[in-house]
Every structure is written in structure tokens, then in C-alpha cells.
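S.K.: Residue numbers (the numbering used here): 192 to 431. Don't be surprised by glycine CBs; every beta carbon is placed ideally from N, CA and C. Bear in mind that the values here come from a model prediction, so they are computed numbers and not experimental data. Pasting in a structure now, in C-alpha cells, and then I'll have a few things to ask.
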Amino acid sequence: VEQPGMGVNAEAASVALWKVHQKHFAKAKEYEGLELLAFLTHGPGQLHSREPISSLSDLRNKRIRIGGGVQSQLAERMGVTPVAAPGPQVYELLQQGVIDGVFMPAQEQSSLRLNEVAPNLTLLPGGMYLGSFSMFIDPVFMDSLSAKDAKAIRSVSGEKLSALAGKAWDMADTEGLKYAREKGVNVVELGPKDKITLEFNELIKGMDDAWIESVKGKGIDARQALKDLRSYAQSYKPKN
């Protein structure tokens with residue numbers, strides 16, 4: 192789900208991830224010994240930078256804080272200098288000029304006060320990537336609960352909890368974007384035909400195949416799983 196090209200918000204991606212796990216990945220038993228409650232993603236990762244950019248080439252050799260995973264692949268393809276650091280250190284690193292930018296969801300304009308140190312926010316359609324998380328519980332703890340309480344927890348878990356968690360991330364992004372604009376951040380919302388968008392779409396070609404190759408040997412039709420994931424996400428309609 193972290194792959195570029197999802198083009199959806201966190202709620203849709205979170206529900207899609209839950210559904211595709213149940214259909215394709217549960218049999219791999221990656222969570223054996225745990226009871227899985229939900230999957231969630233944060234909102235689309237965007238570019239927060241000290242200086243405005245007009246092309247992805249502007250980022251070449253720039254020092255960009257990345258969070259690993261698919262971000263590392265994007266950084267390599269962009270030719271940036273990746274800097275690994277915990278999220279809470281990003282403000283200080285930007286303030287001191289140690290890094291030139293960061294890949295993060297829009298919400299961090301407010302929650303990490305990035306507006307003060309990264310006054311340029313470039314929004315690609317659907318974002319550059321998503322970050323995924325899982326929520327699980329110790330089966331021993333579940334067994335210690337009354338049947339009524341355990342049933343109550345399970346009744347709001349799975350797809351329901353995934354949707355709720357994703358929705359919370361989306362609300363945080365909305366607030367972060369609003370905050371950025373109120374604080375005078377240079378917010379650039381790119382369209383599908385803008386130069387940077389087209390450059391990005393070219394840049395990510397082949398990433399799907401690389402991921403499919405990386406999960407070989409797990410007895411999963413990875414290509415179909417990725418196809419289903421995007422289908423679930425892009426056809427998702429909130430229930431309330």
C-alpha cells in the first residue's frame with residue numbers, strides 16, 4: 192500500500208489494505224501469535240521544503256529526511272541525499288539547515304510546526320507514497336476478557352477500525368493544510384498534467400515490478416494483490 196500510484200486518501204487506503212490482507216496475505220501468517228485488529232495508513236506523503244521547486248531536478252543532491260521503505264526508493268530515483276532521522280527531530284534539522292526538506296503528510300505543517308522551517312509545500316495528486324501501520328493485540332489478553340468484552344472489541348475491529356483510523360489521519364491532513372495556508376506557506380497544488388507530476392510518474396515506473404519481485408516465495412499472487420488493492424481503494428465509498 193505504500194507504493195506510489197494509489198491516488199487515494201488514508202481512509203480508502205486503510206480499508207483497502209485490510210481487505211487485500213484478508214484475501215491474499217492472511218494465509219502467509221505474518222501475524223501468527225497475534226490477533227490482528229486493523230491496518231491503517233497515514234495521509235499521502237508530500238514534499239515540505241525550505242526552497243520552492245519547479246522540477247524534480249531541483250531536488251538532486253538536496254538533503255532530504257526520509258523515513259525508510261518506499262521513501263528510500265524514491266530518494267534514490269530522485270538523486271537526493273537521504274537523511275535518516277526520527278520525526279520529532281525534523282523541525283530542528285530544518286531550522287539548522289542540516290536538511291533541505293522532508294517527505295511527510297500535510298498534517299505535519301501544524302503538528303510539527305513545519306510552516307516555520309519549511310515554508311514550501313508541494314502537493315502531488317494523490318501524494319508520493321503512503322505509510323502503513325498495523326494494530327494488533329495479545330491473544331492471551333483477549334482470552335482473559337469476558338466473552339462479551341472480547342466480542343465488543345472484535346465487533347469494531349477489522350474494516351471498521353481501519354476506516355476510523357484512516358479517517359482520523361485524513362482529518363489531520365485537512366487541518367494541517369488549512370494551518371499552512373493560514374500561516375502563509377507557499378502551497379503548490381499540482382495537477383495531473385503539471386511538469387513535476389509528469390516527472391514523478393515517469394520516475395516511479397518499474398517500482399511495482401520491483402515490489403512484486405521482493406515478495407516472491409510467499410505463495411501469494413502479488414501482482415493480483417496489488418491490482419485488487421488499488422481497485423478496492425479507488426472504488427471505496429465511506430459508509431457515513
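Excluding the 5 residues preceding and the 5 following Leu312 in the sequence, name in chain order all residues of the same chain whose CB lies nearer than 6 Å to its CB.
M.R.: Indexing the sequence shown from 1 puts residue 312 at position 121. Closer than 6 Å at the Cβ level, and outside the excluded window around Leu312, lie His239, Ala371, Val376 and Val378.
S.K.: Applying the 10 Å Cβ sphere with the 16-neighbour rule, what's the burial state of Val199?
M.R.: Along the sequence shown, one-based indexing puts residue 199 at 8. With 16 or more Cβ atoms within 10 Å of its Cβ, Val199 is classed as buried.
S.K.: Got a sec? Which residues, its chain only, sit under 6 Å from Pro330 by beta carbon, not counting five neighbours each side?
M.R.: Here the question's residue 330 lines up with position 139 in the sequence shown. Excluding sequence neighbours, Pro330 sits near Glu226.
S.K.: Which stretch, first to last residue, makes up the alpha helix (DSSP H) that contains Arg256?
M.R.: Locating residue 256 in the sequence shown gives position 65, where the first residue counts as 1. Counting along the chain, Arg256 falls outside any alpha helix (DSSP H), though it belongs to the beta strand (DSSP E) covering Arg254 to Ile257.
S.K.: Helix, strand or coil for Asn306 per DSSP?
M.R.: Taking the sequence shown and counting its residues from 1, the one referred to as residue 306 is at position 115. Helix.
S.K.: Just curious, the beta strand (DSSP E) that Ser323 is in, first and last residue?
M.R.: Translated into positions along the sequence shown, residue 323 becomes position 132. Ser323 to Ile328 is the extent of the beta strand (DSSP E) around Ser323.
S.K.: Can you name the residues that DSSP bridges to Gln237?
M.R.: In the sequence shown, the residue the question calls residue 237 occupies position 46. Paired residue(s): Met295.
S.K.: Considering Cα atoms alone, identify which of Gly292, Ala297 and Pro195 is closest to Thr365.
M.R.: Along the sequence shown, read from residue 1 onward, the residue named residue 365 stands at position 174. Measuring from the Cα of Thr365, the nearest candidate turns out to be Ala297.
S.K.: Under three-state DSSP, which class holds Glu242?
M.R.: To locate residue 242, count along the sequence shown from 1; it is residue 51. Note: Glu242 maps to coil in three-state DSSP.
S.K.: Going by DSSP, name the residue or residues bridged to Phe216.
M.R.: Stepping through the sequence shown from its first residue, residue 216 is reached at position 25. For Phe216, which the question treats as bridged, DSSP gives no partner whatsoever.
S.K.: If distances are taken between C-alpha atoms only, which option among Pro277, Leu265 and Ile344 comes closest to Gln194?
M.R.: The residue given as residue 194 occupies position 3 in the sequence shown. Checking every option, the nearest Cα to that of Gln194 belongs to Leu265.
S.K.: Among residues of its own chain, excluding the 5 on either side of Glu202, which ones have a beta-carbon nearer than 7 Å to its beta-carbon?
M.R.: For this step, residue 202 is matched to residue 11 along the sequence shown. Excluding positions up to five away in sequence, the list reads Ala354, Gly357, Lys358, Asp361 and Pro429.
S.K.: So, for Pro383: in the same chain, excluding its five sequence neighbours on each side, which residues have a beta-carbon less than 7 Å away from its beta-carbon?
M.R.: Numbered from its first residue, the sequence shown carries residue 383 at position 192. Pro316.
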